Amino acid sequence: GESVGVGLFTYPSLMAADIMLYQSTKVPVGEDQRQHLELTRDIVRRFHDIFCKGGQFKKRCKAAGIPSRPTFTDPSPIIMKEGARVMSLTDGTSKMSKSDPNDSSRINVL
Numbered sequence: 361g362e363s364v365g366v367g368l369f370t371y372p373s374l375m376a377a378d379i380m381l382y383q384s385t386k387v388p389v390g391e392d393q394r395q396h397l398e399l400t401r402d403i404v405r406r407f408h409d410i411f412c413k414g415g416q417f418k419k420r421c422k423a424a425g426i427p428s429r430p431t432f433t434d435p436s437p438i439i440m441k442e443g444a445r446v447m448s449l450t451d452g453t454s455k456m457s458k459s460d461p462n463d464s465s466r467i468n469v470l
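No gaps in the numbering here: position 57 of the sequence shown is 417 in our numbering, and each next residue is one more.
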């Protein structure tokens with residue numbers, strides 16, 4: 361079978377954590393990152409439904425004198441037509457990819 365890097369599974373949750381940590385209201389994303397932002401929005405809404413909208417947790421907060429308000433900001437995407445996709449340096453019709461066998465098609469940072 362094929363092996364799959366752990367980044368495939370952890371990247372979306374790490375991106376969501378970054379967005380939530382910095383309380384971002386608007387997040388510039390490319391077309392291929394939109395689903396990660398939607399995951400972030402789902403996590404934020406689920407967290408608020410469980411911990412901020414009532415039930416035992418809200419009652420505990422009220423009893424402890426802790427204000428019950430949304431903890432995280434619900435981010436919105438900013439998707440510009442220009443730069444929404446970073447294109448390959450050798451083939452302007454395909455997206456830049458680190459899996460491209462041609463090393464000249466991308467900018468390698470490390």
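The beta-carbon is built from N, C-alpha and C at its ideal position, and this holds for glycine as well.
Bear in mind that the values here come from a model prediction, so they are computed numbers and not experimental data.
Rounded to whole angstroms, P437 and I410 show a C-alpha spacing of 24 Å. Just so you know, the alpha carbons of Y382 and D402 end up roughly 17 Å apart. Between K441 and S448, the gap from beta carbon to beta carbon reaches 9 Å or more.
Secondary structure note for S454: it is in no beta strand (DSSP E), with a DSSP letter that is neither H nor E. Under DSSP, the beta-bridge partners assigned to V387 are P437.
Under DSSP, M447 forms a beta bridge with K455.
Around L399, the same chain offers P372, A376 as residues with beta carbons nearer than 6 Å, after the five sequence neighbours per side are excluded.
Residue range 394-411 is occupied by the alpha helix (DSSP H) that includes I403. Cα atoms of D392 and T453: separation of roughly 16 Å, rounded to the nearest angstrom.
Sixteen is the threshold: since fewer than 16 other Cβ atoms of the shown chains lie within 10 Å of the Cβ of F369, the residue is exposed.
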